[in-house]
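Residue numbers (UniProt numbering), protein chains in the order written: chain Y, 1 to 115; chain V, 1 to 161.
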Amino acid sequence: MVKILDAVKGTPAGSVPLKVSQRAADGGWTQIANGVTDATGEIHNLITEEQFPAGVYRVEFDTKAYWKNEGSTPFHEVADVVFEAHAEGHRHYTLALLLSPYSYTTTAVVTDAHQ
Amino acid sequence: MDDCDLPPSGGRVRRWLNWSGEFWEVNEVAEAEKRQFTLEQIMAAAESSPLTTHVLNTSDGVPAAKMALTLHRLDSKLMIWNMLSVGTTNKDGRCPGLISREAFAPGMYKLRFETGLYWESLGQTSFYPYVEVVFSITDPEQRFHLPLLMSRFSYSTYRGS
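As structure tokens, this is what we get:
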């Protein structure tokens, strides 16, 4: 799950393209999903549980495309978030991303899927 | 070895970047002897890097010291990243001397922070094995200060000057 917010407008960031990749044994990356956020700044059904075993994943948020679309010139080329999933057992992850043209913040909300 | 200043000649410097058992060695003695820098020149170069960073541990409210980081520039023809410098943050969470004015050409850059290793050294796990900040420089005459504020489950970065 992702949740992207626009800190300039004070709204969710819709239409942000993103790609999800999984790290392979040789250290390379395999793209497993891609999508675009909706008007609430979220994407649903991006990957299934089967596609999401324990391991290292990368989500590349095309924040530059978002800001250009908003008419701003951003500093960062991309917001690239690499994380390790299920290291301590199966969990549910939400990657939250707060965007500004010259700054971004990401945080993870990790919940126990079985609660 | 904790500071990012170029070392005086007469000591081999080894930097470990090790999330998957790899390490890189940097022999800065040969480089320094080639260029025959005086200590004053080294200090001057270290202070005038147009690109600086500052890493802060927002969990504990302290600078993140002894964190390894690397600076890379994209070769846009070959589409590969070239590593430009390696460093470790000092006790203030800073890393002077990242790049010289002369070497700071326009282009796409990446600053990679070995945050996972840092949290490990504190006996903690972290959600992120490392953090990479990717940005484009069109006007290298400016100064770019790129701090990283981080906790185990979150990080924030911005462009200051």
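The beta-carbon is built from N, C-alpha and C at its ideal position, and this holds for glycine as well. Bear in mind the structure is a predicted one, so any value in this text is a computation, not a measurement.
Query raised in the report: Using a beta-carbon distance below 8 angstroms, is V/Arg159 in contact with chain Y?
Result: So, interface residue.
Requested in this report: Taking Y/Ser103 as the reference, give the member of Y/Trp67, Y/Leu46 and Y/Gln51 with the closest Cα.
Outcome: Cα-wise, what sits closest to Y/Ser103 is Y/Trp67.
Requested in this report: Could you tell me whether the Cβ atoms of Y/Ala7 and Y/Ser100 are closer together than 8 angstroms?
Outcome: Result yes, Cβ atoms of Y/Ala7 and Y/Ser100 sit closer than 8 angstroms.
Report task. Output the distance between the C-alpha atoms of V/Thr70 and V/Gly87, rounded to the nearest integer angstrom. Result -> Taking the straight line joining both Cα atoms gives about 6 angstroms.
Requested in this report: Just the C-alpha distance for V/Leu117 and V/Tyr130, rounded to the nearest angstrom, thanks.
Outcome: Counting only the Cα atoms, V/Tyr130 lies some 8 angstroms from V/Leu117.
Report task. State yes or no: is the beta carbon of Y/Ala87 nearer than 8 angstroms to at least one beta carbon in chain V? Result -> It does; some Cβ of chain V falls within 8 angstroms.
Report task. Determine the contact status of V/Thr58 and V/Ser151, defining contact as a CB-CB distance below 8 angstroms. Result -> In this structure, V/Thr58 sits near V/Ser151, with a CB-CB distance shorter than 8 angstroms.
Requested in this report: Could you spell out where the beta strand (DSSP E) holding Y/Gly10 opens and where it closes?
Outcome: Where Y/Gly10 is concerned, there is no enclosing beta strand (DSSP E), because DSSP gives it neither an H nor an E.
Report task. Could you confirm whether any beta carbon from chain Y is found closer than 8 angstroms to the beta carbon of V/Thr125? Result -> It does: the Cβ of V/Thr125 has a partner Cβ on chain Y nearer than 8 angstroms.
Query - CA-to-CA distance, V/Gly93 to V/Ile80, given in whole angstroms - result: V/Ile80 and V/Gly93 have their C-alpha atoms roughly 29 angstroms apart.
Query raised in the report: Is the Cβ of V/Ser136 closer than 8 angstroms to any Cβ of chain Y?
Result: At a cut-off of 8 angstroms between beta carbons, V/Ser136 contacts chain Y.
Query raised in the report: For V/Thr52 versus V/Leu98, is the C-beta spacing smaller than 8 angstroms?
Result: Contact: yes.
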